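Residue numbers (this note's numbering): 840 to 1434. Beta carbons are placed, not taken as given, at the ideal position from N, Cα and C, and that holds for glycine. All figures in this text were calculated on a predicted structure; none of them were measured in a lab. Take a look at the structure below.
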(Lines of atoms letter the chains of each structure in order from A and count residues from 1; the text may use other names and numbers.)
(Lines give C-alpha, C1' and ligand atoms only; values in the text may rest on other atoms or scores of the structure.)
Protein backbone atom coordinates (compact mmCIF):
# COMPACT_ATOMS: atom_id res chain seq x y z
CA UNK A 1 0.00 0.00 0.00
CA UNK A 2 1.35 3.41 -0.93
CA UNK A 3 1.58 6.01 1.81
CA UNK A 4 -0.14 9.39 1.61
CA UNK A 5 2.42 11.09 3.82
CA UNK A 6 5.86 11.53 2.24
CA UNK A 7 9.13 13.02 3.41
CA UNK A 8 9.89 16.30 1.68
CA UNK A 9 12.97 16.50 -0.48
CA UNK A 10 15.98 18.41 0.83
CA UNK A 11 15.45 21.06 -1.86
CA UNK A 12 11.88 21.74 -0.72
CA UNK A 13 12.92 21.75 2.95
CA UNK A 14 15.59 24.36 2.22
CA UNK A 15 13.09 26.61 0.42
CA UNK A 16 10.59 26.34 3.28
CA UNK A 17 13.29 27.18 5.81
CA UNK A 18 14.44 30.08 3.66
CA UNK A 19 10.89 31.44 3.58
CA UNK A 20 10.90 31.75 7.37
CA UNK A 21 14.16 33.70 7.48
CA UNK A 22 14.31 35.55 4.14
CA UNK A 23 11.15 37.60 3.66
CA UNK A 24 12.53 40.26 1.30
CA UNK A 25 15.88 41.78 0.19
CA UNK A 26 16.21 43.61 3.51
CA UNK A 27 16.24 40.21 5.26
CA UNK A 28 19.31 39.22 3.25
CA UNK A 29 21.06 42.46 4.18
CA UNK A 30 20.19 41.97 7.84
CA UNK A 31 21.53 38.41 8.03
CA UNK A 32 24.74 39.15 6.14
CA UNK A 33 25.48 42.39 7.99
CA UNK A 34 24.91 40.64 11.33
CA UNK A 35 27.46 38.00 10.30
CA UNK A 36 29.92 40.80 9.50
CA UNK A 37 29.39 42.41 12.91
CA UNK A 38 29.80 39.05 14.66
CA UNK A 39 33.06 38.58 12.72
CA UNK A 40 34.50 41.70 14.35
CA UNK A 41 34.25 43.96 11.31
CA UNK A 42 35.14 47.62 11.76
CA UNK A 43 33.51 48.56 8.44
CA UNK A 44 30.51 47.00 6.67
CA UNK A 45 29.78 47.90 3.03
CA UNK A 46 26.36 47.17 1.52
CA UNK A 47 25.74 47.62 -2.21
CA UNK A 48 22.37 46.89 -3.80
CA UNK A 49 20.89 46.99 -7.30
CA UNK A 50 17.20 47.27 -8.17
CA UNK A 51 16.21 47.47 -4.52
CA UNK A 52 18.07 44.23 -3.79
CA UNK A 53 16.10 42.19 -6.31
CA UNK A 54 18.92 42.11 -8.81
CA UNK A 55 21.88 41.91 -6.45
CA UNK A 56 23.05 42.46 -2.88
CA UNK A 57 26.72 42.66 -1.95
CA UNK A 58 27.78 42.80 1.71
CA UNK A 59 31.51 43.01 2.37
CA UNK A 60 33.52 43.53 5.56
CA UNK A 61 37.01 43.70 7.03
CA UNK A 62 36.27 41.13 9.72
CA UNK A 63 38.38 38.11 10.62
CA UNK A 64 37.23 36.01 7.66
CA UNK A 65 37.02 32.21 7.43
CA UNK A 66 39.26 29.30 6.67
CA UNK A 67 38.60 27.14 3.63
CA UNK A 68 37.05 24.45 5.81
CA UNK A 69 34.69 26.90 7.51
CA UNK A 70 33.76 28.53 4.20
CA UNK A 71 32.82 25.15 2.81
CA UNK A 72 30.72 24.27 5.85
CA UNK A 73 29.02 27.62 6.55
CA UNK A 74 26.52 27.28 3.71
CA UNK A 75 25.05 24.11 5.22
CA UNK A 76 21.92 24.36 7.39
CA UNK A 77 22.46 24.77 11.14
CA UNK A 78 26.22 25.16 10.74
CA UNK A 79 27.40 27.78 13.22
CA UNK A 80 30.46 28.81 15.21
CA UNK A 81 28.39 30.42 17.97
CA UNK A 82 26.82 27.46 19.76
CA UNK A 83 28.07 24.13 21.02
CA UNK A 84 25.36 22.90 23.42
CA UNK A 85 21.69 23.59 24.28
CA UNK A 86 22.75 25.64 27.30
CA UNK A 87 24.35 28.16 24.94
CA UNK A 88 20.83 29.26 23.97
CA UNK A 89 20.58 30.91 27.38
CA UNK A 90 23.81 32.89 27.02
CA UNK A 91 23.76 34.28 23.49
CA UNK A 92 26.16 37.17 22.99
CA UNK A 93 26.09 37.38 19.18
CA UNK A 94 23.54 38.65 16.68
CA UNK A 95 23.38 35.36 14.78
CA UNK A 96 23.47 31.89 16.27
CA UNK A 97 21.21 29.46 14.38
CA UNK A 98 23.44 28.86 11.37
CA UNK A 99 20.54 29.31 8.94
CA UNK A 100 21.37 32.58 7.14
CA UNK A 101 23.77 31.54 4.36
CA UNK A 102 21.96 28.25 3.73
CA UNK A 103 18.61 30.07 3.47
CA UNK A 104 19.96 32.82 1.21
CA UNK A 105 21.72 30.26 -0.99
CA UNK A 106 18.48 28.29 -1.35
CA UNK A 107 16.62 31.20 -3.01
CA UNK A 108 19.40 33.04 -4.89
CA UNK A 109 22.62 32.72 -6.82
CA UNK A 110 25.11 33.21 -4.02
CA UNK A 111 28.86 33.77 -4.14
CA UNK A 112 30.99 33.90 -0.99
CA UNK A 113 34.60 35.06 -0.92
CA UNK A 114 36.61 35.02 2.29
CA UNK A 115 40.08 34.85 3.79
CA UNK A 116 41.37 34.71 7.34
CA UNK A 117 44.63 36.27 8.48
CA UNK A 118 46.60 33.01 8.79
CA UNK A 119 45.79 31.75 5.28
CA UNK A 120 47.92 32.68 2.26
CA UNK A 121 44.93 32.54 -0.07
CA UNK A 122 41.21 33.04 0.11
CA UNK A 123 38.26 30.78 -0.67
CA UNK A 124 35.39 31.20 -3.12
CA UNK A 125 32.12 29.28 -2.80
CA UNK A 126 29.28 29.57 -5.33
CA UNK A 127 25.77 28.23 -4.72
CA UNK A 128 22.70 28.33 -6.96
CA UNK A 129 19.32 27.43 -5.55
CA UNK A 130 20.93 25.49 -2.69
CA UNK A 131 23.31 23.51 -4.93
CA UNK A 132 27.04 24.15 -4.72
CA UNK A 133 28.53 25.05 -8.10
CA UNK A 134 32.07 26.06 -7.21
CA UNK A 135 34.70 25.75 -4.49
CA UNK A 136 38.04 27.34 -5.38
CA UNK A 137 41.08 29.21 -4.07
CA UNK A 138 41.39 32.93 -4.84
CA UNK A 139 43.55 35.91 -3.93
CA UNK A 140 41.85 38.50 -1.71
CA UNK A 141 42.27 40.61 1.43
CA UNK A 142 41.31 39.43 4.91
CA UNK A 143 37.56 39.63 5.44
CA UNK A 144 34.43 38.34 3.76
CA UNK A 145 32.20 39.38 0.85
CA UNK A 146 28.87 37.75 0.06
CA UNK A 147 27.07 38.50 -3.19
CA UNK A 148 23.43 37.37 -3.56
CA UNK A 149 22.00 37.75 -7.08
CA UNK A 150 18.57 37.07 -8.59
CA UNK A 151 16.82 36.78 -5.24
CA UNK A 152 13.81 34.41 -5.31
CA UNK A 153 14.62 33.39 -8.90
CA UNK A 154 13.38 29.87 -8.10
CA UNK A 155 10.39 30.93 -5.99
CA UNK A 156 8.41 33.15 -8.39
CA UNK A 157 5.44 33.45 -6.02
CA UNK A 158 7.64 35.13 -3.40
CA UNK A 159 9.32 37.34 -6.01
CA UNK A 160 5.93 38.42 -7.34
CA UNK A 161 4.94 39.88 -3.98
CA UNK A 162 8.00 42.07 -3.58
CA UNK A 163 7.16 45.75 -3.66
CA UNK A 164 8.47 48.61 -5.78
CA UNK A 165 12.22 49.06 -6.07
CA UNK A 166 12.06 52.30 -4.06
CA UNK A 167 10.08 50.65 -1.28
CA UNK A 168 12.42 47.66 -1.02
CA UNK A 169 15.37 50.08 -0.99
CA UNK A 170 13.75 51.92 1.89
CA UNK A 171 13.38 48.69 3.88
CA UNK A 172 17.09 48.06 3.35
CA UNK A 173 18.00 51.58 4.49
CA UNK A 174 15.91 51.09 7.62
CA UNK A 175 17.56 47.73 8.29
CA UNK A 176 21.09 49.13 7.98
CA UNK A 177 20.13 52.14 10.11
CA UNK A 178 18.79 49.84 12.84
CA UNK A 179 21.97 47.75 12.84
CA UNK A 180 24.05 50.94 12.89
CA UNK A 181 22.12 52.14 15.96
CA UNK A 182 22.97 48.94 17.79
CA UNK A 183 26.64 48.96 16.80
CA UNK A 184 27.92 52.55 16.84
CA UNK A 185 31.61 51.57 16.78
CA UNK A 186 31.17 49.93 13.36
CA UNK A 187 31.25 52.08 10.21
CA UNK A 188 28.39 51.41 7.77
CA UNK A 189 28.21 52.37 4.11
CA UNK A 190 25.17 51.72 1.93
CA UNK A 191 25.05 52.39 -1.81
CA UNK A 192 22.20 51.87 -4.25
CA UNK A 193 23.50 51.51 -7.81
CA UNK A 194 26.55 53.73 -7.18
CA UNK A 195 24.49 56.31 -5.26
CA UNK A 196 25.58 56.77 -1.66
CA UNK A 197 22.65 56.36 0.71
CA UNK A 198 24.38 55.97 4.08
CA UNK A 199 27.92 56.79 5.14
CA UNK A 200 28.25 56.41 8.91
CA UNK A 201 31.70 56.42 10.42
CA UNK A 202 32.40 54.43 13.56
CA UNK A 203 32.18 56.41 16.78
CA UNK A 204 30.33 56.61 20.05
CA UNK A 205 26.63 56.37 20.80
CA UNK A 206 26.08 60.12 20.95
CA UNK A 207 27.54 60.69 17.48
CA UNK A 208 25.62 57.77 15.99
CA UNK A 209 22.33 58.94 17.56
CA UNK A 210 22.79 62.41 16.10
CA UNK A 211 23.38 60.96 12.62
CA UNK A 212 20.37 58.64 12.75
CA UNK A 213 17.97 61.14 14.33
CA UNK A 214 19.02 63.90 11.94
CA UNK A 215 19.78 66.26 14.83
CA UNK A 216 22.65 68.13 16.36
CA UNK A 217 23.78 66.08 19.40
CA UNK A 218 23.69 69.30 21.44
CA UNK A 219 19.92 69.49 20.86
CA UNK A 220 19.30 65.97 22.18
CA UNK A 221 18.69 64.78 25.73
CA UNK A 222 20.61 61.90 27.28
CA UNK A 223 20.31 59.79 30.42
CA UNK A 224 21.60 56.59 31.96
CA UNK A 225 19.68 54.43 34.44
CA UNK A 226 21.06 51.31 36.14
CA UNK A 227 19.09 49.11 38.49
CA UNK A 228 18.90 45.41 39.45
CA UNK A 229 21.13 44.19 36.63
CA UNK A 230 19.36 46.33 34.04
CA UNK A 231 21.20 49.18 32.28
CA UNK A 232 19.40 51.71 30.09
CA UNK A 233 20.99 54.49 28.07
CA UNK A 234 18.70 56.73 26.05
CA UNK A 235 19.32 59.65 23.70
CA UNK A 236 16.14 61.38 22.62
CA UNK A 237 14.60 64.60 21.41
CA UNK A 238 13.00 67.10 23.81
CA UNK A 239 9.19 67.26 23.72
CA UNK A 240 9.22 70.40 21.57
CA UNK A 241 11.06 68.56 18.77
CA UNK A 242 8.82 65.49 18.65
CA UNK A 243 7.38 64.50 15.28
CA UNK A 244 4.05 63.34 13.88
CA UNK A 245 5.50 59.96 12.83
CA UNK A 246 7.45 57.14 14.46
CA UNK A 247 10.14 56.92 11.79
CA UNK A 248 13.06 57.83 14.08
CA UNK A 249 12.74 55.32 16.89
CA UNK A 250 15.48 52.76 17.62
CA UNK A 251 15.17 50.17 20.37
CA UNK A 252 18.33 48.11 20.93
CA UNK A 253 18.75 45.12 23.26
CA UNK A 254 22.36 43.95 23.67
CA UNK A 255 23.26 45.36 20.25
CA UNK A 256 20.22 43.78 18.57
CA UNK A 257 17.47 45.99 17.07
CA UNK A 258 14.09 44.77 18.27
CA UNK A 259 10.41 45.65 18.15
CA UNK A 260 8.43 45.76 21.39
CA UNK A 261 5.14 47.56 21.94
CA UNK A 262 5.48 47.43 25.70
CA UNK A 263 8.98 48.91 25.78
CA UNK A 264 8.03 51.58 23.24
CA UNK A 265 5.06 52.47 25.43
CA UNK A 266 7.44 52.82 28.37
CA UNK A 267 9.32 55.51 26.44
CA UNK A 268 6.09 57.46 25.92
CA UNK A 269 5.20 57.03 29.58
CA UNK A 270 8.58 58.41 30.55
CA UNK A 271 7.70 61.75 28.96
CA UNK A 272 5.06 62.10 31.66
CA UNK A 273 2.39 63.76 29.53
CA UNK A 274 4.75 66.35 27.99
CA UNK A 275 4.38 65.03 24.44
CA UNK A 276 2.22 67.26 22.23
CA UNK A 277 -1.01 65.62 21.09
CA UNK A 278 -0.48 63.34 18.10
CA UNK A 279 3.33 63.60 18.25
CA UNK A 280 5.95 60.90 18.71
CA UNK A 281 9.44 61.08 20.17
CA UNK A 282 12.63 60.39 18.22
CA UNK A 283 15.06 58.30 20.23
CA UNK A 284 17.79 55.68 20.36
CA UNK A 285 17.55 53.46 23.42
CA UNK A 286 20.16 50.84 24.38
CA UNK A 287 19.21 48.15 26.89
CA UNK A 288 21.75 45.86 28.53
CA UNK A 289 20.84 42.99 30.84
CA UNK A 290 21.78 39.42 31.69
CA UNK A 291 21.35 37.22 28.55
CA UNK A 292 19.45 34.74 30.68
CA UNK A 293 16.78 37.37 31.29
CA UNK A 294 15.89 37.77 27.60
CA UNK A 295 14.82 35.17 25.00
CA UNK A 296 15.88 36.17 21.48
CA UNK A 297 14.89 32.79 20.02
CA UNK A 298 11.20 33.67 19.71
CA UNK A 299 10.95 34.43 16.00
CA UNK A 300 13.06 33.37 12.98
CA UNK A 301 13.97 36.98 12.24
CA UNK A 302 14.88 37.62 15.92
CA UNK A 303 13.06 40.98 15.83
CA UNK A 304 10.78 40.04 18.72
CA UNK A 305 12.12 39.04 22.12
CA UNK A 306 10.70 38.06 25.50
CA UNK A 307 11.84 39.29 28.89
CA UNK A 308 11.74 37.35 32.13
CA UNK A 309 11.08 40.62 34.00
CA UNK A 310 9.36 42.86 31.49
CA UNK A 311 7.75 45.04 34.19
CA UNK A 312 11.16 45.87 35.69
CA UNK A 313 12.62 46.56 32.25
CA UNK A 314 9.74 48.91 31.39
CA UNK A 315 10.15 50.68 34.72
CA UNK A 316 13.87 51.22 34.11
CA UNK A 317 13.10 52.70 30.67
CA UNK A 318 10.47 55.04 32.16
CA UNK A 319 12.94 56.30 34.74
CA UNK A 320 15.71 56.81 32.17
CA UNK A 321 13.43 58.80 29.86
CA UNK A 322 11.99 60.76 32.77
CA UNK A 323 15.50 61.61 33.95
CA UNK A 324 16.44 62.76 30.43
CA UNK A 325 13.51 65.17 30.17
CA UNK A 326 14.00 66.20 33.82
CA UNK A 327 10.45 65.43 34.84
CA UNK A 328 9.47 66.20 38.46
CA UNK A 329 7.40 62.99 38.43
CA UNK A 330 10.64 61.08 38.87
CA UNK A 331 11.49 62.42 42.28
CA UNK A 332 11.52 59.66 44.93
CA UNK A 333 8.15 58.29 45.91
CA UNK A 334 6.24 59.80 43.00
CA UNK A 335 4.71 57.64 40.27
CA UNK A 336 5.06 58.68 36.58
CA UNK A 337 1.95 59.97 34.87
CA UNK A 338 0.16 57.29 32.85
CA UNK A 339 0.43 57.57 29.09
CA UNK A 340 -2.39 56.96 26.66
CA UNK A 341 -1.79 56.81 22.89
CA UNK A 342 -3.41 59.44 20.71
CA UNK A 343 -6.67 58.57 19.00
CA UNK A 344 -6.01 56.52 15.86
CA UNK A 345 -8.96 57.60 13.79
CA UNK A 346 -11.45 54.84 14.55
CA UNK A 347 -15.17 55.45 14.80
CA UNK A 348 -16.42 56.65 18.16
CA UNK A 349 -18.20 53.42 19.01
CA UNK A 350 -15.20 51.26 18.05
CA UNK A 351 -12.91 52.66 20.72
CA UNK A 352 -14.90 51.49 23.75
CA UNK A 353 -17.88 49.47 24.75
CA UNK A 354 -19.98 52.60 25.19
CA UNK A 355 -19.81 55.76 23.19
CA UNK A 356 -19.87 57.93 26.33
CA UNK A 357 -19.67 57.02 29.98
CA UNK A 358 -22.62 57.63 32.26
CA UNK A 359 -21.80 60.14 34.96
CA UNK A 360 -23.27 59.61 38.41
CA UNK A 361 -26.30 61.87 38.83
CA UNK A 362 -28.71 62.84 41.56
CA UNK A 363 -32.45 63.09 41.39
CA UNK A 364 -33.59 66.43 39.85
CA UNK A 365 -35.37 67.17 43.11
CA UNK A 366 -32.15 67.02 45.11
CA UNK A 367 -30.55 70.39 45.80
CA UNK A 368 -27.27 70.84 43.98
CA UNK A 369 -28.34 69.25 40.69
CA UNK A 370 -27.92 72.54 38.89
CA UNK A 371 -26.24 73.89 35.77
CA UNK A 372 -22.82 72.42 36.59
CA UNK A 373 -24.30 68.92 36.87
CA UNK A 374 -26.25 69.48 33.68
CA UNK A 375 -23.28 70.65 31.61
CA UNK A 376 -21.28 67.58 32.58
CA UNK A 377 -24.17 65.35 31.59
CA UNK A 378 -24.48 67.00 28.21
CA UNK A 379 -20.82 66.24 27.53
CA UNK A 380 -21.36 62.62 28.50
CA UNK A 381 -24.77 61.28 27.42
CA UNK A 382 -25.63 58.00 29.04
CA UNK A 383 -26.92 56.15 26.00
CA UNK A 384 -24.68 55.01 23.13
CA UNK A 385 -27.57 55.62 20.79
CA UNK A 386 -27.63 59.29 21.67
CA UNK A 387 -24.66 60.06 19.44
CA UNK A 388 -24.40 58.48 16.02
CA UNK A 389 -21.70 58.56 13.39
CA UNK A 390 -23.28 58.86 9.99
CA UNK A 391 -23.10 56.04 7.47
CA UNK A 392 -23.33 57.07 3.89
CA UNK A 393 -26.44 56.18 1.96
CA UNK A 394 -29.14 55.70 4.61
CA UNK A 395 -32.35 57.72 4.11
CA UNK A 396 -31.98 59.19 7.60
CA UNK A 397 -28.52 60.51 6.79
CA UNK A 398 -29.73 61.92 3.49
CA UNK A 399 -32.37 63.85 5.43
CA UNK A 400 -29.72 65.05 7.92
CA UNK A 401 -27.54 66.38 5.10
CA UNK A 402 -30.56 68.15 3.66
CA UNK A 403 -31.38 69.78 6.99
CA UNK A 404 -27.76 70.96 7.41
CA UNK A 405 -27.79 72.40 3.90
CA UNK A 406 -31.03 74.30 4.64
CA UNK A 407 -29.98 75.55 8.08
CA UNK A 408 -30.40 79.35 8.30
CA UNK A 409 -27.57 79.78 10.81
CA UNK A 410 -24.51 77.95 12.15
CA UNK A 411 -22.64 78.39 15.42
CA UNK A 412 -18.93 77.83 16.04
CA UNK A 413 -18.08 76.18 19.37
CA UNK A 414 -14.63 76.86 20.87
CA UNK A 415 -13.29 77.60 17.36
CA UNK A 416 -13.34 73.84 16.71
CA UNK A 417 -16.85 72.64 15.94
CA UNK A 418 -19.79 73.87 13.91
CA UNK A 419 -23.23 73.37 15.50
CA UNK A 420 -26.37 73.07 13.40
CA UNK A 421 -29.95 72.78 14.69
CA UNK A 422 -31.81 70.01 12.86
CA UNK A 423 -35.29 68.53 13.49
CA UNK A 424 -33.74 65.39 15.05
CA UNK A 425 -31.61 67.36 17.51
CA UNK A 426 -28.18 68.94 17.00
CA UNK A 427 -25.51 68.10 14.41
CA UNK A 428 -21.88 68.85 15.31
CA UNK A 429 -19.22 69.13 12.60
CA UNK A 430 -15.45 69.06 13.23
CA UNK A 431 -14.16 71.96 11.13
CA UNK A 432 -10.64 70.55 10.63
CA UNK A 433 -11.61 67.07 9.45
CA UNK A 434 -14.45 68.51 7.37
CA UNK A 435 -11.96 70.66 5.46
CA UNK A 436 -9.58 67.69 5.39
CA UNK A 437 -12.19 65.62 3.53
CA UNK A 438 -12.71 68.46 1.03
CA UNK A 439 -8.98 68.92 0.44
CA UNK A 440 -8.41 65.13 0.18
CA UNK A 441 -10.82 64.79 -2.72
CA UNK A 442 -9.36 67.91 -4.35
CA UNK A 443 -5.80 66.55 -4.13
CA UNK A 444 -6.89 63.21 -5.59
CA UNK A 445 -8.51 65.13 -8.43
CA UNK A 446 -5.25 67.04 -9.01
CA UNK A 447 -3.29 63.78 -9.04
CA UNK A 448 -5.64 62.28 -11.62
CA UNK A 449 -5.66 65.40 -13.82
CA UNK A 450 -2.07 66.51 -13.05
CA UNK A 451 -3.46 70.04 -12.77
CA UNK A 452 -2.30 71.28 -9.35
CA UNK A 453 -1.16 74.88 -9.06
CA UNK A 454 2.24 75.90 -7.68
CA UNK A 455 3.69 79.01 -6.11
CA UNK A 456 7.38 79.79 -6.54
CA UNK A 457 9.37 80.49 -3.38
CA UNK A 458 11.18 83.82 -3.45
CA UNK A 459 14.22 82.09 -1.98
CA UNK A 460 14.59 78.33 -2.69
CA UNK A 461 14.72 76.38 0.57
CA UNK A 462 17.28 73.71 1.43
CA UNK A 463 15.96 70.90 3.66
CA UNK A 464 18.10 68.21 5.30
CA UNK A 465 16.63 64.71 5.30
CA UNK A 466 17.74 61.47 6.95
CA UNK A 467 18.74 58.56 4.65
CA UNK A 468 15.37 56.87 5.19
CA UNK A 469 13.53 60.14 4.47
CA UNK A 470 15.55 60.53 1.26
CA UNK A 471 14.41 57.07 0.16
CA UNK A 472 10.82 58.01 0.97
CA UNK A 473 11.19 61.25 -0.98
CA UNK A 474 12.50 59.40 -4.05
CA UNK A 475 9.55 57.02 -3.90
CA UNK A 476 7.06 59.88 -3.61
CA UNK A 477 8.86 62.32 -5.96
CA UNK A 478 6.55 61.89 -8.96
CA UNK A 479 3.43 62.26 -6.79
CA UNK A 480 4.85 65.35 -5.04
CA UNK A 481 5.39 66.98 -8.43
CA UNK A 482 1.81 66.24 -9.45
CA UNK A 483 0.39 68.04 -6.40
CA UNK A 484 2.47 71.18 -6.98
CA UNK A 485 5.92 70.68 -5.44
CA UNK A 486 9.08 71.46 -7.38
CA UNK A 487 11.97 69.72 -5.60
CA UNK A 488 15.47 68.68 -6.62
CA UNK A 489 18.12 66.68 -4.81
CA UNK A 490 21.13 68.61 -3.51
CA UNK A 491 23.86 66.36 -2.19
CA UNK A 492 23.43 62.99 -0.46
CA UNK A 493 21.21 64.19 2.38
CA UNK A 494 19.29 67.29 1.33
CA UNK A 495 16.83 68.65 -1.23
CA UNK A 496 16.09 72.10 -2.63
CA UNK A 497 12.43 73.19 -2.74
CA UNK A 498 11.74 75.73 -5.51
CA UNK A 499 7.93 75.72 -5.48
CA UNK A 500 5.11 74.46 -3.26
CA UNK A 501 1.38 73.78 -3.77
CA UNK A 502 -0.77 76.91 -3.76
CA UNK A 503 -2.84 75.57 -0.85
CA UNK A 504 0.16 75.33 1.50
CA UNK A 505 -0.02 78.83 2.87
CA UNK A 506 1.42 77.79 6.25
CA UNK A 507 4.68 76.49 4.76
CA UNK A 508 6.60 76.70 8.06
CA UNK A 509 10.10 76.60 6.56
CA UNK A 510 9.82 73.10 5.16
CA UNK A 511 8.64 71.27 8.27
CA UNK A 512 5.40 70.41 6.48
CA UNK A 513 7.39 68.59 3.77
CA UNK A 514 9.13 66.51 6.44
CA UNK A 515 5.74 65.71 7.97
CA UNK A 516 4.30 64.73 4.58
CA UNK A 517 7.28 62.46 3.95
CA UNK A 518 6.89 60.97 7.43
CA UNK A 519 3.16 60.38 6.93
CA UNK A 520 3.83 58.77 3.54
CA UNK A 521 6.44 56.47 5.06
CA UNK A 522 4.24 55.40 7.95
CA UNK A 523 1.14 54.76 5.85
CA UNK A 524 2.83 52.90 3.00
CA UNK A 525 5.31 50.87 5.06
CA UNK A 526 3.41 50.10 8.25
CA UNK A 527 0.03 49.78 6.54
CA UNK A 528 0.90 48.07 3.28
CA UNK A 529 -2.75 48.24 2.17
CA UNK A 530 -2.53 52.00 1.65
CA UNK A 531 -2.05 53.17 -1.94
CA UNK A 532 0.79 55.71 -2.24
CA UNK A 533 -1.44 58.28 -3.96
CA UNK A 534 -4.09 57.99 -1.23
CA UNK A 535 -1.49 58.33 1.53
CA UNK A 536 0.00 61.43 -0.05
CA UNK A 537 -3.44 62.94 -0.65
CA UNK A 538 -4.44 62.33 2.98
CA UNK A 539 -1.24 63.91 4.30
CA UNK A 540 -1.50 66.91 1.96
CA UNK A 541 -5.13 67.38 2.98
CA UNK A 542 -4.26 67.32 6.67
CA UNK A 543 -1.48 69.91 6.36
CA UNK A 544 -3.40 72.30 4.11
CA UNK A 545 -6.69 72.35 6.06
CA UNK A 546 -7.98 74.88 8.55
CA UNK A 547 -7.02 73.95 12.09
CA UNK A 548 -8.88 73.60 15.34
CA UNK A 549 -8.71 76.98 17.03
CA UNK A 550 -9.24 79.07 13.89
CA UNK A 551 -12.21 81.42 14.10
CA UNK A 552 -14.59 81.31 11.12
CA UNK A 553 -17.08 83.88 9.95
CA UNK A 554 -20.69 82.92 9.22
CA UNK A 555 -19.93 83.05 5.50
CA UNK A 556 -16.89 80.80 5.93
CA UNK A 557 -18.91 78.29 7.94
CA UNK A 558 -21.63 78.17 5.29
CA UNK A 559 -19.04 77.74 2.53
CA UNK A 560 -17.27 74.97 4.45
CA UNK A 561 -20.46 72.98 5.07
CA UNK A 562 -21.61 73.46 1.45
CA UNK A 563 -18.31 72.14 0.11
CA UNK A 564 -18.38 69.25 2.60
CA UNK A 565 -21.87 68.19 1.55
CA UNK A 566 -20.68 68.14 -2.08
CA UNK A 567 -17.98 65.53 -1.36
CA UNK A 568 -18.34 61.83 -2.06
CA UNK A 569 -18.04 60.87 1.62
CA UNK A 570 -19.07 63.70 3.96
CA UNK A 571 -19.19 61.57 7.12
CA UNK A 572 -15.62 60.27 7.54
CA UNK A 573 -12.24 61.96 7.07
CA UNK A 574 -9.40 60.28 5.08
CA UNK A 575 -7.89 58.94 8.31
CA UNK A 576 -11.15 57.32 9.44
CA UNK A 577 -12.26 59.90 12.02
CA UNK A 578 -15.92 60.98 12.08
CA UNK A 579 -16.63 64.38 10.57
CA UNK A 580 -20.05 64.89 12.12
CA UNK A 581 -22.07 63.48 14.98
CA UNK A 582 -25.70 63.90 15.93
CA UNK A 583 -27.10 64.39 19.42
CA UNK A 584 -30.69 63.18 19.44
CA UNK A 585 -33.41 65.55 20.63
CA UNK A 586 -34.77 62.75 22.82
CA UNK A 587 -31.47 62.66 24.70
CA UNK A 588 -31.51 66.42 25.23
CA UNK A 589 -35.09 66.16 26.52
CA UNK A 590 -34.06 63.36 28.86
CA UNK A 591 -31.25 65.45 30.30
CA UNK A 592 -33.70 68.22 31.05
CA UNK A 593 -36.09 65.75 32.70
CA UNK A 594 -38.76 66.07 29.97
CA UNK A 595 -39.06 62.31 29.45
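- Sequence-distant partners of residue 1149 (beyond 5 residues in either direction) whose C-beta falls short of 7 angstroms from its own C-beta, in its chain, are 1101.
- In the DSSP annotation of this structure, residue 1067 is not part of any alpha helix (DSSP H), being labelled neither H nor E.
- The beta carbons of residue 1025 and residue 876 sit closer together than 8 angstroms.
- Residue 938 sits in coil when the DSSP states are folded into three classes, being neither helix nor strand.
- Residue 1351 carries a helical assignment under DSSP once its states are collapsed to helix, strand and coil.
- In this structure, residue 1286 keeps its C-beta atom at 8 angstroms or more from the C-beta atom of residue 1380.
- In the DSSP secondary-structure assignment, residue 977 is bridged to 961.
- For residue 1143, the number of other beta carbons within 10 angstroms of its own is below 16, and it is reported as exposed.
- For the set 1432, 1159, 1361, the Cα lying nearest the Cα of residue 1414 is the one of 1361.
- Listed as beta-bridge partners of residue 1419 by DSSP are 1268.
- In the DSSP assignment, residue 954 falls within the beta strand (DSSP E) that extends over 948–954.
- Boundaries for residue 1088: no alpha helix (DSSP H) harbours it, while the beta strand (DSSP E) harbouring it runs 1088–1092, taken from the DSSP string.
- Residue 1406 and residue 938 have their C-alpha atoms spaced approximately 54 angstroms apart.
- For residue 1099, the three-state secondary structure derived from DSSP is coil.
- In the DSSP assignment, residue 1162 falls within the alpha helix (DSSP H) that extends over 1149–1163.
- Looking at 1122, 1114, 1104, the one whose alpha-carbon comes closest to that of residue 1016 is 1122.
- If you check the CB distance, residue 1124 and residue 1164 do not come in under 8 angstroms.
- Rounded to the nearest whole angstrom, the C-alpha separation of residue 1299 and residue 1324 is 12 angstroms.
- With contacts defined as CB atoms closer than 8 angstroms, residue 1420 and residue 1240 fail to qualify as a contacting pair.
- Between residue 1341 and residue 1352, the CB-CB gap reaches or exceeds 8 angstroms.
- In the DSSP assignment, residue 1001 falls outside any alpha helix (DSSP H), carrying neither H nor E.
- In the three-state reduction of the DSSP assignment, residue 907 falls in the helix class, which pools H, G and I.
- Straight-line measurement puts the Cα of residue 870 at about 13 angstroms from the Cα of residue 986.
- In this structure residue 1403 touches residue 1277 by the C-beta definition: roughly 6 angstroms separates them, less than 8 angstroms.
- Secondary structure of residue 971 (DSSP, three-state): strand.
- For residue 945 against residue 969, the beta-carbon gap comes to about 4 angstroms, under 8 angstroms, which counts as contact.
- Contact check for residue 1296 against residue 1339 passes: the beta carbons are separated by less than 8 angstroms.
- The continuous alpha helix (DSSP H) containing residue 1047 extends over residues 1044–1052.
- Taking each of 1394, 1160, 1308, 1103 in turn and checking the Cα distance to residue 1247, the smallest one comes out for 1394.
- Ranked by Cα distance from residue 1382, the first of 1350, 1029, 1245 is 1350.
- The beta carbon of residue 1083 lies closer than 8 angstroms to those of 1117, 1118, 1119, 1354, 1357, 1358 in the same chain, with the five residues before and after it left out.
- Taking a contact to require three or more Cβ pairs closer than 8 angstroms, the segment 1061–1071 and the segment 1298–1317 do not qualify as touching.
- Boundaries of the alpha helix (DSSP H) around residue 1378: 1371–1382.
- In the structure shown, the three-state DSSP call for residue 882 is strand.
- Nearest to residue 1374 by alpha-carbon distance, out of 1390, 1391, 1322, is 1322.
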